[in-house]
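Novice: Respectively, the protein sequence lines represent chains H and X.
Just so you know, the first sequence maps onto residues 0 to 212 in numbering that gives the first Met the number 0.
Just so you know, the second sequence maps onto residues 0 to 191 in numbering that gives the first Met the number 0.
Virtual Cβ for every residue (Gly too), placed ideally from N, Cα, C.
Quick one: this structure, given as C-alpha cells, is what I'll be asking you about.
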Amino acid sequence: MHEDMRTLLNAYLDGELNGWRLLEMQTHLASCAACRNELKELRLVSDLLQANSAPEFTPAERFVSQLTLSLPRPVLEPGLPRRLLRDRLPKFGSLAGWLVPAGLLGAWFFVQTVFTLTGVITAANITGLLGHAASWLGSGQESIWFSAVTSLFGGQAVGTLPTLSLLNNVSVFGANLLSGFLWQALIVLLFWAWLSIWWLSGGLRPMKMRNAS
Amino acid sequence: MAQPQTAATETSLIEQAQNSDRNAFGELVRRHYQGVVLVVYRMCGDTGLAEDAAQEAFLRAWVHLPSYQPQACLRNWLYRIAINAALDVLRRKPEETLEEEDAQMVTDQAPGPETALIEKERVVLLQQAMKSLPEAARSVLVLREYSGLSYQEIASILEVPVGTVMSRLNYARNRLREILNLYKAKTESEYA
Numbered sequence: 000m001h002e003d004m005r006t007l008l009n010a011y012l013d014g015e016l017n018g019w020r021l022l023e024m025q026t027h028l029a030s031c032a033a034c035r036n037e038l039k040e041l042r043l044v045s046d047l048l049q050a051n052s053a054p055e056f057t058p059a060e061r062f063v064s065q066l067t068l069s070l071p072r073p074v075l076e077p078g079l080p081r082r083l084l085r086d087r088l089p090k091f092g093s094l095a096g097w098l099v100p101a102g103l104l105g106a107w108f109f110v111q112t113v114f115t116l117t118g119v120i121t122a123a124n125i126t127g128l129l130g131h132a133a134s135w136l137g138s139g140q141e142s143i144w145f146s147a148v149t150s151l152f153g154g155q156a157v158g159t160l161p162t163l164s165l166l167n168n169v170s171v172f173g174a175n176l177l178s179g180f181l182w183q184a185l186i187v188l189l190f191w192a193w194l195s196i197w198w199l200s201g202g203l204r205p206m207k208m209r210n211a212s
Numbered sequence: 000m001a002q003p004q005t006a007a008t009e010t011s012l013i014e015q016a017q018n019s020d021r022n023a024f025g026e027l028v029r030r031h032y033q034g035v036v037l038v039v040y041r042m043c044g045d046t047g048l049a050e051d052a053a054q055e056a057f058l059r060a061w062v063h064l065p066s067y068q069p070q071a072c073l074r075n076w077l078y079r080i081a082i083n084a085a086l087d088v089l090r091r092k093p094e095e096t097l098e099e100e101d102a103q104m105v106t107d108q109a110p111g112p113e114t115a116l117i118e119k120e121r122v123v124l125l126q127q128a129m130k131s132l133p134e135a136a137r138s139v140l141v142l143r144e145y146s147g148l149s150y151q152e153i154a155s156i157l158e159v160p161v162g163t164v165m166s167r168l169n170y171a172r173n174r175l176r177e178i179l180n181l182y183k184a185k186t187e188s189e190y191a
C-alpha cells in the first residue's frame, strides 16, 4: 500500500490523480509522515527547477527573419502528390466519390445489355425465327461493301444474293461485336483510371502522423 | 501582410506553409518560438546551443511540414522535433562548453544573504544534475516542469505510454531529490 502510494506521489503533485485514486492518496498522506515528507521534497525539487529563470534569447522577430532566409526549398516527399490529390479530389466516402464508379458500372451494364439483345435479335432475324414479327426492324443492317455490291451489280448479283446476304449479316454481326468490345474496353479503362486516382489520393488506408526526426 | 496573418487561424497558416508559403511559416514560428526555445534550452542548459537547436528544429519542421497531418497538435509536433534537435545538438557539442557555462553562472552570483546564496547554488546544482539525467528522463522532466504539459500530452509527444512517462518522471525527480539531499547534508556539515 505504502509503496503503491509512493509511486503515485509525483502524479499527485502534478494534479494527475482524480476520483478514488485522489481520495486514496489524500487519506494515505493524512496518516503517512514518510510520504508527506517525500512529497515535500519532491515539491521543493519542482519549485527549485522552476525558480531558475530562462535567459534572454534572440527576439522572435530577428529569429524569424534569420530563419526565413535559411529555409531550404521544401522537399517533395513521396507521399506529397498523394496528399495534394487527396486534398483536391472528392473524398472517397463522399457521394461524388461514389458516383463515378456507380455511373461506370451502370454504363457497363447498359452496354452489355444492348450488345446481348442486339446479338440475340440479329441472330434470330438471320435464322428467320422472328419471321414477320421482326418487320419493324426494316430490311436489316447492311455493311458498306454489301451496299456497294448491290448498287454496282444490281440484278446481275441476284444469283449470288443469298450468299452475299449471309456474308453481310456475318459482317454486321462482327461490326456489332467489335463495337460492343470497344465500349466495354473504354468503360474498363475509365474504371481503372478512377481506381488509380483513388489509390493516389489515399484510398482506404488510415493516415498516420509521420515522425519528424 | 503581417496583420491578416496574425488574425489567421493556425490551420490556415499550416495549409499555406505546406504550400511553401514562407510568410505563413514565419508566423507559425513566431507563435511557437518561445515554447520551442525554452524546451531546447532546458534540454541543453546553454543559450547558444538552445538557439542552434531551435533553428535546427524549425528547419526540420519546414522540411517535414508537407507530411504533417493537421489532426495532430502542431505544438506537440514541434516539441517532439525540438527535443530530437536538442539531443542531436548536445551529442555533437563537446561537454566542456556546458561545464564552462555552469561555472560562469555560479561565479556570476552577486554576494547576498547566505540563504539566498544557498538557494541559488541549489538551483545551479539541480540544473547540472538535470544534465546528468538520461535523455529519456530529462525530456519528460522538461516537458512537465517547464512546458507544463499533462502526462497524456507528454506521452503523445514522446510516443510512449503514460505509465512510462510516470516512471521516468519518478526516476528523474527522485534522482534530483537525492542529489539535493546530499548537498543539504554536505552544507549542514560544513556549517556545523
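So what does DSSP say about Asp51/X, is it helix, strand or coil?
Specialist: Note: Asp51/X maps to helix in three-state DSSP.
Novice: Is Trp182/H near Val110/H, with beta carbons less than 8 Å apart?
Specialist: The answer is yes: Cβ separation under 8 Å.
Novice: Check this for me: beta carbons of Ser69/H and Leu58/X, under 8 Å apart or not?
Specialist: Yes, the pair counts as a contact, with Cβ atoms nearer than the cut-off.
Novice: Taking Trp144/H as the reference, which of Ile120/H, Ala123/H, Val169/H and Ser64/H has the closest Cα?
Specialist: Ranking the options by Cα distance to Trp144/H, first place goes to Val169/H.
Novice: Step through the CB atoms of chain H and report whether any lies within less than 8 Å of the CB of Val139/X.
Specialist: It does not; no Cβ of chain H falls within 8 Å.
Novice: The alpha helix (DSSP H) that contains Phe281/H, what's its start and end?
Specialist: An answer regarding residue 281/H cannot be provided, because it is not within the stretch 0 to 212 covered by chain H.
Novice: List, in order along the chain, the chain X residues whose C-beta lies closer than 9 Å to that of Asp13/H?
Specialist: Near Asp13/H (Cβ distances below 9 Å), the residues of chain X are Arg143, Ser149, Tyr150 and Leu168.
Novice: Entirely within the region 109-183 of chain X and at least 4 residues each: give me those alpha helix (DSSP H) ranges in chain order.
Specialist: Complete alpha helix (DSSP H) runs here, min 4: 113-131, 134-144 and 150-157.
Novice: At a cut of 8 Å, does the region 135-144 of chain X reach the region 53-68 of chain X through at least three beta carbon pairs?
Specialist: They do not touch, by the three-pair rule.
Novice: I want to see whether chain X comes within less than 8 Å of Asn51/H, judged by CB atoms only; does it?
Specialist: So yes, Asn51/H belongs to the interface.
Novice: Closer than 8 Å, CB to CB, is Glu50/X near chain H or not?
Specialist: For Glu50/X, the answer is yes, since a Cβ of chain H falls inside 8 Å of its Cβ.
Novice: What's the C-alpha gap between Cys72/X and Ile153/X?
Specialist: Distance between the alpha carbons of Cys72/X and Ile153/X is about 12 Å.
Novice: Smallest Cα separation from Ser166/X: which of Arg176/X, Ala135/X, Cys43/X and Ala16/X?
Specialist: The shortest Cα separation from Ser166/X among Arg176/X, Ala135/X, Cys43/X and Ala16/X belongs to Ala135/X.
Novice: Give me the Cα-Cα distance between Thr57/H and Leu175/X, rounded to the nearest whole angstrom.
Specialist: Thr57/H and Leu175/X: Cα-Cα distance of roughly 30 Å.
Novice: For Glu220/H, which residues in the same chain have their Cβ closer than 8 Å to its Cβ, ignoring the five residues on either side in sequence?
Specialist: In this structure chain H extends from 0 to 212, so residue 220/H is not present and cannot be described.
Novice: On the CB-based measure, 16 or more other CB atoms within 10 Å of its CB, does Phe180/H come out buried or exposed?
Specialist: Exposed: under 16 other Cβ atoms inside 10 Å.
Novice: Do the region 31-46 of chain H and the region 155-164 of chain X meet, that is, are 3 or more Cβ pairs less than 8 Å apart?
Specialist: Result no; under three Cβ-Cβ pairs closer than 8 Å.
Novice: Any idea if Glu99/X is buried or exposed, counting beta-carbon neighbours within 10 angstroms, 16 or more meaning buried?
Specialist: Legend: pLDDT at Glu99/X = 45, less than 50; position of this residue unreliable, value from coordinates given subsequently. When all chains shown are included, Glu99/X counts as exposed.
Novice: Which residues in chain X sit within 8 Å of Glu40/H, going by Cβ to Cβ distance?
Specialist: Residues of chain X passing the Cβ test: Arg176, Leu179 and Asn180.
Novice: Hey, could you find the ends of the alpha helix (DSSP H) Phe62/H is sitting in?
Specialist: That run of the alpha helix (DSSP H) goes Ala59 to Leu68.
Novice: Can you name the start and end residues of the alpha helix (DSSP H) that Gly25/X belongs to?
Specialist: Arg21 to Cys43 is the span of the alpha helix (DSSP H), which, as asked, contains Gly25/X.
Novice: In its own chain, which residues sit with a C-beta less than 7 Å from the C-beta of Asn75/X, not counting the 5 before and 5 after it?
Specialist: Closer than 7 Å at Cβ, skipping near neighbours: Glu152, Ser155 and Ile156.
Novice: Indicate whether at least one CB of chain X lies closer than 8 Å to the CB of Asn9/H.
Specialist: It does: the Cβ of Asn9/H has a partner Cβ on chain X nearer than 8 Å.
Novice: Pop quiz: Glu55/X and Ala84/X are said to be a contact at Cβ under 8 Å. What is the actual Cβ separation, rounded to whole angstroms?
Specialist: Confirmed, Cβ separation roughly 4 Å.
Novice: Could you tell me whether the Cβ of Phe190/H comes closer than 8 Å to any Cβ of chain X?
Specialist: No, because no Cβ of chain X sits closer than 8 Å to the Cβ of Phe190/H.
Novice: By alpha-carbon positions, which one of Ala147/H, Gly105/H, Phe172/H and Ser150/H ends up nearest to Asn124/H?
Specialist: The shortest Cα separation from Asn124/H among Ala147/H, Gly105/H, Phe172/H and Ser150/H belongs to Phe172/H.
Novice: Could you tell me whether the Cβ atoms of Tyr40/X and Arg121/X are closer together than 8 Å?
Specialist: The answer is no: Cβ separation not under 8 Å.
Novice: Note down, in chain order, each residue of its chain lying with its Cβ closer than 7 Å to the Cβ of Leu97/X, except the 5 sequence neighbours on either side.
Specialist: Confidence in Leu97/X is poor, its pLDDT being 47 and thus under 50, which makes the residue's placement unreliable; the coordinate value appears in the next sentence. These residues qualify, in order along the chain: Gly44, Asp45 and Lys130.
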